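Heads up: the sequence shown at position 17 corresponds to 17 in UniProt numbering, and the numbers run straight through without jumps. Just below is one structure, and these are the notes that go with it.
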Amino acid sequence: IKLSSECANFNLLNLESQIPQSTEDVEGRSITLSCSYTGSPRDLHWYQQKPGSRPEFLVLINEASGTNVTAQQLDPRLSIILQKNNKKVDLEISSTAVSDSALYYCALQPTVTETHQTLY
1 IKLSSECANF NLLNLESQIP QSTEDVEGRS ITLSCSYTGS PRDLHWYQQK
51 PGSRPEFLVL INEASGTNVT AQQLDPRLSI ILQKNNKKVD LEISSTAVSD
101 SALYYCALQP TVTETHQTLY
């Protein structure tokens, strides 16, 4: 299993930490991917990008209320944790499997995940 995370600044807002984390040989264990941020964003988002695919929305959490919104079929092994005092948002994955191998992105705003065509 190879998991890595990046804090992504998709909409030109400040993110404090852009230190990639890489975790190998964690099958069956729980892991936490962390992302630090600055400012007071409305929502904090996590995306998953599998090799050869576009990023897919997983979950977001509202910074003010702590309320979260998930993708339609969020894997029950995934959870989002907001550490508001530390300005961090974590994605926890329990019982990791080979199918979790991906690049995980943290973002401050919704992110375009599709290719769009120019309309004439």
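Positions of the beta carbon are idealized from the N, C-alpha and C atoms, including for glycine. Fair warning: this is a prediction, and the values are worked out from it, not measured in the lab.
Span of the beta strand (DSSP E) holding residue 83?
Working through the sequence shown from its first residue, we reach residue 83 at position 83. Counting along the chain, the beta strand (DSSP E) containing residue 83 begins and ends at 78-83.
Quick one: residues in its chain with C-beta nearer than 6 Å to the C-beta of residue 88, no 5 flanking neighbours on either side, listed in chain order?
What you label residue 88 is simply residue 88 of the sequence shown in a count that begins at 1. These residues qualify, in order along the chain: 34 and 36.
Identify whether residue 105 lies in helix, strand or coil by the three-state DSSP scheme.
Here residue 105 refers to the residue found at position 105 when the sequence shown is read from its first residue. In the structure shown, residue 105 sits in a strand (DSSP, three-state: E or B).
Burial state of residue 83, where buried means 16 or more other Cβ atoms lie within 10 Å:
Locating residue 83 in the sequence shown gives position 83, where the first residue counts as 1. So residue 83 counts as exposed.
Bridge partners - residue 88, DSSP secondary structure assignment:
Within the sequence shown, numbered from 1, the residue matching residue 88 stands at position 88. Note: residue 88 sits in a beta bridge opposite 36 and 83.
Three-state secondary structure (DSSP) at residue 118?
Within the sequence shown, the letter at position 118 stands for residue 118. Bear in mind that the predicted position of residue 118 carries a pLDDT of just 49, short of 50, making it unreliable; the figure below should be weighed with that in mind. Residue 118: coil per DSSP, three-state reduction.
How about residue 50 and residue 102: do their beta carbons lie closer than 7 Å?
Residue 50 sits at position 50 when you count from the first residue of the sequence shown. Residue 102 sits at position 102 when you count from the first residue of the sequence shown. Against a cut-off of 7 Å, the Cβ pair of residue 102 and residue 50 comes out as a contact.
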